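Chemist: Handing you this structure, nothing more for now.
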Amino acid sequence: MVKFLLYLPYSEFIDSYEQKALGGIPIGFVQAGFDTSLIVGIMKSNKFRKNNIRIYETGNLDERYIPENHSAGMSILPRLLNFFNFSEYRKVLKIIKKEKPDIMMAYNNSTLTWLIIWRYQLYCKFHKIQTKFILKLDNDGTDLKNMEGMRKIALKSYYKLLSRIFDDIITETSCGYQVFSKFPGVKTKLKIVPNTVFDDFLIDNYRKEWDKIIINVSRITPVKGIDKLIKSFGQIAGGYPDWSLHIIGPINDKEYFTSLMKLVNSYDLEKRIIFTGEKNREQLIEIYNHASIYCLFSEHESFAISRLEAIAMGLYVITTPAGCADDIVKYGVHIMKENTPECGSKYMEEGIISIESGTFLGNSNTIPSYRDIAREIADTAENNNV
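For any residue, its number in the numbering used here is found by taking its place in the sequence shown, counting from 1, and adding 737.
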């Protein structure tokens, strides 16, 4: 049986990660018939332990090692502490030597990862072990696009080094590809492998009738544009008194949440705009099953997995261009020309009319599963004689 190992540096793996690529990728490899293992900082999800995946914990979980905005790339002190974390180096290297994976994938949020992989490659050469090494980029390059000066020069050098260490470098979107392919040495290794959704969301579970509910699934934080979402709904709510807006997700910014509640009160919509809090996968499926329209008003997204979940569950999807929305136009999403309440309300009203008139029937294009993604990666590995 082919062995797959995923390394998530310094990660605190919680239940909600199972709904994201962090958990979906290893589960997809299990479903595709791989002997699968996972390295994390701390595993806090007891539920995830039941997925027939060997789990290793390094115990190294410290915000000193990862800059808060690690997508920006070059916070010096955390990066230095990260690189000189010999405890992480020794533990991870020992695990890899024990596992001897055929395919190893690592997330790119640790400057120590390349050194671990390079050291293991020397071990492989001496012991005649074949392993394919894959780097998964954890951002779409948006912050790097406008970076200038020494920071950008240093970052290009860093990615050139990574391109020499890893056999493949994976980005989630064509937007990420456009940015990273301009870095020296990266383009020949770079591949687009999108995130996807769990099989639960791929089941043909569409309704003949939709409830009059609009949903947003995201963290409560300014970058998600929830204030614009509320204003958009507020502008048309009077004409559609049976419709409501449900906002699903954790409150990450309490001050912002307070301002949102004041905004809801200003429209006198306390009973029709509902904050539900964070939900697990089973609860989300139930919510998707009873909703008609999904809205994403974010200024920035790396991928927006909930948007794809909504498509898979047959909702009418309205979105900003964030998260390279052009990549999913084939699924029938409606991309707003401007992220303004006026534009949002227009798209929202068009969606309501489509639902009430029965002209919207969902999309017919098939969304790949994580099992499919695993097989795609495995096919690439086989083509490289792994």
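Using N, Cα and C, we set each Cβ at its ideal position, and we do this for glycine too. Everything numeric in this text was worked out from a predicted model, so none of it was measured.
Between the beta-carbon of Leu-874 and the beta-carbon of Thr-850, is there less than 7 Å?
Modeler: Taking the sequence shown and counting its residues from 1, one reaches residue 874 at position 137. Taking the sequence shown and counting its residues from 1, one reaches residue 850 at position 113. In this structure, Thr-850 does not lie closer than 7 Å to Leu-874 by Cβ.
Chemist: On a CA-only basis, which of Lys-757, Lys-784 and Ile-751 is nearest Gly-778? Give me that one, please.
Modeler: Numbered from its first residue, the sequence shown carries residue 778 at position 41. Ranking Lys-757, Lys-784 and Ile-751 by Cα distance to Gly-778 puts Ile-751 first.
Chemist: State yes or no: is the C-beta of Lys-991 nearer than 6 Å to some heavy atom of the ligand COA?
Modeler: Annotation note on the ligand COA: not contained in the displayed structure, which lists no ligands.
Chemist: Figure out for me which residue from Asp-905, Ile-790, Asp-839 and Lys-862 has the closest Cα to the Cα of Asn-845.
Modeler: Reading the sequence shown from its first residue, position 108 is the one you call residue 845. Nearest C-alpha to Asn-845: Asp-905.
Chemist: Our contact map puts Tyr-857 next to Leu-899 with C-beta atoms below 8 Å; I'd like the distance itself, whole angstroms only.
Modeler: Against the sequence shown, residue 857 aligns to sequence position 120. Against the sequence shown, residue 899 aligns to sequence position 162. In fact, because the Cβ distance is near 15 Å, the residues do not count as touching under 8 Å.
Chemist: Please name the residue or residues paired with Ala-1047 in a DSSP beta bridge.
Modeler: Position 310 of the sequence shown, counted from the start, is the residue given in the question as residue 1047. Paired residues: none, contrary to the question.
Chemist: Using 10 angstroms around the beta-carbon of His-807, count the other beta-carbons present and answer buried if the total reaches 16, otherwise exposed.
Modeler: To locate residue 807, count along the sequence shown from 1; it is residue 70. With a pLDDT of only 45 at His-807, under 50, the local geometry of the prediction cannot be trusted, and the value read off the model is given with reservation. Buried, by the Cβ-count rule.
Chemist: With DSSP as the reference, identify every bridge partner of Asn-953, one or two as the case may be.
Modeler: The residue given as residue 953 occupies position 216 in the sequence shown. According to DSSP, Asn-953 bridges with Ile-984.
Chemist: First and last residue of the beta strand (DSSP E) that includes Thr-908?
Modeler: Translated into positions along the sequence shown, residue 908 becomes position 171. Per DSSP, Thr-908 belongs to the beta strand (DSSP E) from 905 to 908.
Chemist: Within 8 Å, do at least three Cβ pairs link the segment 963 to 971 to the segment 1068 to 1083?
Modeler: Segments in contact, yes.
Chemist: Taking one C-beta from the segment 1058 to 1069 and one from the segment 1027 to 1036 each time, how about it: are there three or more such pairs within less than 8 Å?
Modeler: With a cut-off of 8 Å, the segment 1027 to 1036 and the segment 1058 to 1069 count as touching, because enough Cβ pairs lie within range.
Chemist: What residue range does the beta strand (DSSP E) around Ser-774 cover?
Modeler: Counted from its first residue, the sequence shown places residue 774 at position 37. First-last of the beta strand (DSSP E) with Ser-774: 772 to 777.
Chemist: Contact defined as beta carbons within less than 8 Å: I believe Phe-938 pairs with Ile-984. What is the distance between those atoms, to the nearest angstrom?
Modeler: Locating residue 938 in the sequence shown gives position 201, where the first residue counts as 1. Locating residue 984 in the sequence shown gives position 247, where the first residue counts as 1. Not quite, the Cβ-Cβ distance comes to about 20 Å (not below 8 Å), so this is no contact.
Chemist: Tell me which residue opens and which closes the beta strand (DSSP E) that Thr-933 is part of.
Modeler: Within the sequence shown, numbered from 1, the residue matching residue 933 stands at position 196. Run containing Thr-933: none; DSSP gives neither H nor E here.
Chemist: For Leu-1052, name the three-state secondary structure that DSSP assigns.
Modeler: Position 315 of the sequence shown holds residue 1052. Of the three classes helix, strand and coil, the one that applies to Leu-1052 here is coil, per DSSP.
Chemist: Output the distance between the C-alpha atoms of Leu-982 and Ser-1094, rounded to the nearest integer angstrom.
Modeler: Here residue 982 refers to the residue found at position 245 when the sequence shown is read from its first residue. Here residue 1094 refers to the residue found at position 357 when the sequence shown is read from its first residue. If I take the Cα positions, the gap works out to 20 Å.
Chemist: Give me the Cα-Cα distance between Gly-1099 and Ala-1047, rounded to the nearest whole angstrom.
Modeler: Here residue 1099 refers to the residue found at position 362 when the sequence shown is read from its first residue. Here residue 1047 refers to the residue found at position 310 when the sequence shown is read from its first residue. Gly-1099 and Ala-1047: Cα-Cα distance of roughly 10 Å.
Chemist: Which residues in the same chain as Met-1085 place their Cβ atom closer than 8 Å to its Cβ, once the five residues preceding and following it in sequence are excluded?
Modeler: Sequence index remark: in the sequence shown, residue 1085 carries index 348 (1-based). Same-chain partners within the cutoff: Ile-951, Ser-969, Phe-970, Ile-973, Ile-1030, Cys-1032 and Ile-1055.
Chemist: In terms of residues, what are the limits of the beta strand (DSSP E) holding Met-842?
Modeler: Residue mapping note: residue 842 aligns to position 105 of the sequence shown, counting from 1. Segment 840 to 844, the beta strand (DSSP E) holding Met-842.
Chemist: Short check: CB of Met-887 to CB of Leu-743, under 7 Å?
Modeler: Residue mapping note: residue 887 aligns to position 150 of the sequence shown, counting from 1. Residue mapping note: residue 743 aligns to position 6 of the sequence shown, counting from 1. Not in contact: Met-887 and Leu-743 (Cβ atoms no closer than 7 Å).
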